[in-house]
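S.K.:
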Amino acid sequence: MQRKCTVFQPIISLSSPLQFLHFIVFLIYHTKMTLLNLLNYELSWHDREKWNKTIRLLKEFSEDHNGDLSHIKDTARIIKYRIDDIDAFIRQNTAAVCPSCENVCCVNKHGFYDYEDLIYVYALGLTPPSYKEGVSDTEPCRFLSETGCAIERSIRPFRCNWYFCGALLKHIENGPAKPYRIFIKQLDEIVDLRKEMLDGFFRILKSA
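In my numbering, each residue carries its 1-based index in the sequence shown increased by 10.
Listed below in C-alpha coordinates is the structure:
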(Lines of atoms letter the chains of each structure in order from A; the text may use other names.)
(Lines give C-alpha, C1' and ligand atoms only; values in the text may rest on other atoms or scores of the structure.)
Protein backbone atom coordinates (compact mmCIF):
# COMPACT_ATOMS: atom_id res chain seq x y z
CA MET A 11 0.00 0.00 0.00
CA GLN A 12 1.34 3.42 -0.91
CA ARG A 13 1.72 5.79 2.02
CA LYS A 14 0.06 9.17 1.86
CA CYS A 15 2.17 12.12 2.87
CA THR A 16 0.47 14.80 4.91
CA VAL A 17 1.54 18.35 4.15
CA PHE A 18 1.29 20.68 7.12
CA GLN A 19 0.39 24.25 6.29
CA PRO A 20 2.06 27.04 8.26
CA ILE A 21 -0.18 28.99 10.60
CA ILE A 22 0.91 32.24 8.98
CA SER A 23 1.66 32.29 5.27
CA LEU A 24 4.65 34.41 4.34
CA SER A 25 4.33 33.86 0.60
CA SER A 26 4.28 37.56 -0.27
CA PRO A 27 6.28 40.62 0.86
CA LEU A 28 3.08 42.20 2.21
CA GLN A 29 2.27 39.15 4.32
CA PHE A 30 5.84 39.11 5.61
CA LEU A 31 5.54 42.80 6.54
CA HIS A 32 2.28 42.11 8.37
CA PHE A 33 4.01 39.31 10.26
CA ILE A 34 6.87 41.62 11.31
CA VAL A 35 4.37 44.25 12.47
CA PHE A 36 2.56 41.55 14.46
CA LEU A 37 5.81 40.50 16.14
CA ILE A 38 6.69 44.10 17.04
CA TYR A 39 3.22 44.73 18.46
CA HIS A 40 3.29 41.46 20.41
CA THR A 41 6.72 42.31 21.84
CA LYS A 42 5.56 45.79 22.86
CA MET A 43 2.40 44.52 24.55
CA THR A 44 4.31 41.76 26.33
CA LEU A 45 6.84 44.26 27.67
CA LEU A 46 4.05 46.63 28.75
CA ASN A 47 2.35 43.80 30.63
CA LEU A 48 5.58 42.74 32.35
CA LEU A 49 6.68 46.20 33.51
CA ASN A 50 4.68 46.54 36.72
CA TYR A 51 5.14 46.18 40.47
CA GLU A 52 4.39 42.44 40.31
CA LEU A 53 7.69 41.87 38.49
CA SER A 54 10.09 40.04 40.79
CA TRP A 55 13.48 38.39 40.44
CA HIS A 56 11.99 35.43 42.32
CA ASP A 57 9.81 34.73 39.26
CA ARG A 58 12.82 33.97 37.10
CA GLU A 59 10.91 33.24 33.90
CA LYS A 60 9.17 36.64 33.83
CA TRP A 61 12.29 38.41 35.08
CA ASN A 62 14.52 37.00 32.34
CA LYS A 63 11.89 37.66 29.69
CA THR A 64 11.58 41.28 30.83
CA ILE A 65 15.36 41.72 30.77
CA ARG A 66 15.56 40.32 27.24
CA LEU A 67 12.68 42.41 25.86
CA LEU A 68 13.84 45.58 27.59
CA LYS A 69 17.34 45.13 26.19
CA GLU A 70 15.97 44.54 22.68
CA PHE A 71 13.63 47.53 22.89
CA SER A 72 16.42 49.79 24.13
CA GLU A 73 18.67 48.74 21.25
CA ASP A 74 15.96 48.88 18.56
CA HIS A 75 14.72 52.34 19.63
CA ASN A 76 18.03 53.92 20.53
CA GLY A 77 17.23 57.15 18.69
CA ASP A 78 13.70 57.46 20.08
CA LEU A 79 15.02 56.93 23.59
CA SER A 80 17.83 59.50 23.36
CA HIS A 81 16.06 61.99 25.64
CA ILE A 82 15.24 59.22 28.12
CA LYS A 83 18.89 58.19 28.20
CA ASP A 84 20.02 61.79 28.61
CA THR A 85 17.62 62.19 31.54
CA ALA A 86 18.92 58.98 33.13
CA ARG A 87 22.48 60.32 32.90
CA ILE A 88 21.40 63.57 34.56
CA ILE A 89 19.77 61.57 37.37
CA LYS A 90 22.98 59.59 37.84
CA TYR A 91 25.01 62.79 37.94
CA ARG A 92 22.66 64.35 40.52
CA ILE A 93 22.83 61.28 42.76
CA ASP A 94 26.62 61.23 42.49
CA ASP A 95 26.59 64.90 43.46
CA ILE A 96 24.87 64.27 46.81
CA ASP A 97 26.74 61.07 47.60
CA ALA A 98 29.33 62.80 49.78
CA PHE A 99 26.64 64.47 51.92
CA ILE A 100 24.85 61.17 52.52
CA ARG A 101 28.07 59.28 53.29
CA GLN A 102 29.07 61.96 55.77
CA ASN A 103 25.87 61.31 57.71
CA THR A 104 25.75 57.52 57.38
CA ALA A 105 29.36 57.34 58.60
CA ALA A 106 28.26 59.00 61.82
CA VAL A 107 25.10 56.93 62.37
CA CYS A 108 25.28 53.51 60.71
CA PRO A 109 28.33 52.00 62.51
CA SER A 110 26.47 52.08 65.85
CA CYS A 111 23.22 50.72 64.42
CA GLU A 112 21.84 47.69 66.29
CA ASN A 113 19.20 46.77 63.70
CA VAL A 114 20.50 46.54 60.14
CA CYS A 115 18.14 48.33 57.74
CA CYS A 116 19.86 46.87 54.67
CA VAL A 117 18.03 43.56 54.44
CA ASN A 118 18.12 41.41 51.35
CA LYS A 119 14.57 42.03 50.12
CA HIS A 120 15.37 45.70 49.51
CA GLY A 121 18.32 44.88 47.26
CA PHE A 122 16.24 43.74 44.29
CA TYR A 123 15.50 46.04 41.38
CA ASP A 124 11.89 46.75 40.49
CA TYR A 125 10.68 47.49 36.96
CA GLU A 126 11.40 51.22 37.26
CA ASP A 127 14.98 50.51 38.33
CA LEU A 128 15.40 48.27 35.28
CA ILE A 129 14.23 51.01 32.93
CA TYR A 130 16.72 53.40 34.54
CA VAL A 131 19.76 51.10 34.39
CA TYR A 132 19.08 50.09 30.79
CA ALA A 133 18.71 53.76 29.88
CA LEU A 134 22.22 54.15 31.28
CA GLY A 135 23.42 51.27 29.12
CA LEU A 136 24.03 49.11 32.19
CA THR A 137 22.64 45.79 33.42
CA PRO A 138 21.23 44.76 36.80
CA PRO A 139 23.55 43.05 39.29
CA SER A 140 23.70 39.29 39.67
CA TYR A 141 21.64 37.91 42.54
CA LYS A 142 22.34 34.74 44.51
CA GLU A 143 20.02 31.86 45.22
CA GLY A 144 19.27 30.75 48.75
CA VAL A 145 19.56 34.09 50.53
CA SER A 146 16.58 34.88 52.75
CA ASP A 147 14.80 38.21 52.28
CA THR A 148 15.29 38.95 55.98
CA GLU A 149 19.05 38.38 55.99
CA PRO A 150 21.47 41.29 55.61
CA CYS A 151 21.63 42.43 52.00
CA ARG A 152 24.06 40.44 49.88
CA PHE A 153 25.60 43.74 48.71
CA LEU A 154 26.29 45.01 52.23
CA SER A 155 30.01 45.02 52.98
CA GLU A 156 32.09 46.18 55.93
CA THR A 157 32.50 49.57 54.25
CA GLY A 158 28.87 49.94 53.18
CA CYS A 159 27.02 49.05 50.01
CA ALA A 160 29.03 47.37 47.27
CA ILE A 161 26.81 48.94 44.60
CA GLU A 162 27.49 52.48 43.46
CA ARG A 163 24.86 54.78 44.98
CA SER A 164 23.61 56.11 41.66
CA ILE A 165 22.57 52.65 40.44
CA ARG A 166 21.18 51.14 43.64
CA PRO A 167 17.49 50.23 43.82
CA PHE A 168 15.51 53.44 44.25
CA ARG A 169 13.59 52.32 47.33
CA CYS A 170 16.87 51.24 48.95
CA ASN A 171 18.72 54.42 48.07
CA TRP A 172 16.22 56.81 49.57
CA TYR A 173 15.29 55.01 52.76
CA PHE A 174 16.45 56.91 55.83
CA CYS A 175 15.86 55.39 59.25
CA GLY A 176 14.71 57.60 62.11
CA ALA A 177 18.19 57.97 63.60
CA LEU A 178 19.77 58.92 60.27
CA LEU A 179 17.00 61.35 59.39
CA LYS A 180 17.27 63.01 62.80
CA HIS A 181 21.04 63.35 62.41
CA ILE A 182 20.61 64.99 58.99
CA GLU A 183 17.89 67.35 60.23
CA ASN A 184 19.96 68.38 63.26
CA GLY A 185 22.96 69.19 61.11
CA PRO A 186 23.75 72.54 59.43
CA ALA A 187 20.60 74.02 57.90
CA LYS A 188 22.00 75.09 54.53
CA PRO A 189 23.41 71.69 53.45
CA TYR A 190 20.14 70.09 54.58
CA ARG A 191 18.05 72.50 52.46
CA ILE A 192 20.29 71.91 49.45
CA PHE A 193 20.00 68.15 49.92
CA ILE A 194 16.19 68.26 50.07
CA LYS A 195 16.08 70.44 46.95
CA GLN A 196 18.38 68.07 45.07
CA LEU A 197 16.37 65.05 46.19
CA ASP A 198 13.13 66.65 44.94
CA GLU A 199 14.80 67.33 41.59
CA ILE A 200 15.92 63.69 41.32
CA VAL A 201 12.38 62.46 42.01
CA ASP A 202 10.96 64.82 39.37
CA LEU A 203 13.58 63.78 36.81
CA ARG A 204 12.88 60.11 37.48
CA LYS A 205 9.16 60.65 36.90
CA GLU A 206 9.94 62.52 33.67
CA MET A 207 12.17 59.66 32.50
CA LEU A 208 9.61 56.95 33.29
CA ASP A 209 6.67 58.84 31.79
CA GLY A 210 8.68 59.48 28.64
CA PHE A 211 9.74 55.86 28.35
CA PHE A 212 6.19 54.57 28.57
CA ARG A 213 4.95 57.13 26.04
CA ILE A 214 7.54 55.85 23.57
CA LEU A 215 6.82 52.21 24.37
CA LYS A 216 3.07 52.66 23.86
CA SER A 217 3.50 54.54 20.59
CA ALA A 218 6.19 52.25 19.13
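In this text, a Cβ means the ideal position worked out from N, Cα and C, and glycines have one as well. If you're wondering where the values come from, they're calculated on a predicted model, not measured in any experiment.
1) Quick check on DSSP: helix, strand or coil for residue 121?
2) For residue 77, count neighbouring C-beta atoms within 10 Å of its own C-beta (all shown protein chains included) and say buried if the count is 16 or more, exposed if not.
3) Can you tell me whether residue 111 is buried or exposed? The criterion is at least 16 other CB atoms within 10 Å of its CB, across all chains shown.
4) Check each candidate in 92, 52, 131, 107 and name the one with the smallest Cα separation from residue 82.
5) Could you check whether residue 187 and residue 134 sit closer than 7 Å to each other, using their CB atoms as the reference points?
6) Rounded to whole angstroms, how far is the Cβ of residue 167 from the Cβ of residue 124, which I believe are closer than 8 Å?
7) So, residue 221 versus residue 181, is the Cβ gap smaller than 7 Å?
8) Taking residue 177 as part of the alpha helix (DSSP H), name the residues at either end of that continuous run.
9) Could you check which residue in 147, 90, 143 has the C-alpha nearest to that of residue 58?
10) Per DSSP, what kind of secondary structure is residue 215 in: helix, strand or coil?
11) Tell me residue 159's beta-bridge partners as DSSP assigns them.
12) Take residue 148 as the anchor and find which of 90, 118, 210 has the nearest alpha-carbon.
13) Of the residues 51, 44, 171, 139, which one's Cα is nearest the Cα of residue 89?
14) Near residue 151, which residues of its chain fall below 7 Å by C-beta distance, leaving aside the five closest residues on each side in sequence?
15) Could you name the residues of the same chain whose beta carbon sits closer than 8 Å to that of residue 45, not counting the 5 residues immediately before and after it, in chain order?
16) What did DSSP end up calling residue 148 once you bin it into helix, strand or coil?
17) Using only CA atoms, which one of 61, 156, 92 lies nearest to residue 193?
18) Which value, in whole angstroms, describes the spacing of the CA atoms of residue 75 and residue 218?
19) Near residue 177, which residues of its chain fall below 6 Å by C-beta distance, leaving aside the five closest residues on each side in sequence?
M.R.: Let me lay it out:
1) helix
2) exposed
3) Residue environment analysis places residue 111 among the exposed positions, since fewer than 16 neighbouring C-beta atoms fall within 10 angstroms of its C-beta.
4) 131
5) Note that the C-beta distance between residue 134 and residue 187 is not below 7 Å.
6) 7 Å
7) Residue 221 is absent from the model: the chain starts at 11 and stops at 218.
8) 176–183
9) Per the Cα distances, 143.
10) If DSSP states are grouped into helix, strand and coil, residue 215 belongs with the helices.
11) As a beta-bridge residue in DSSP terms, residue 159 pairs with 154.
12) The residue with the shortest Cα to Cα distance from residue 148 is 118.
13) 171
14) 116, 117, 118, 120, 121
15) 64, 67, 68, 71, 215
16) coil
17) 92
18) 9 Å
19) 107
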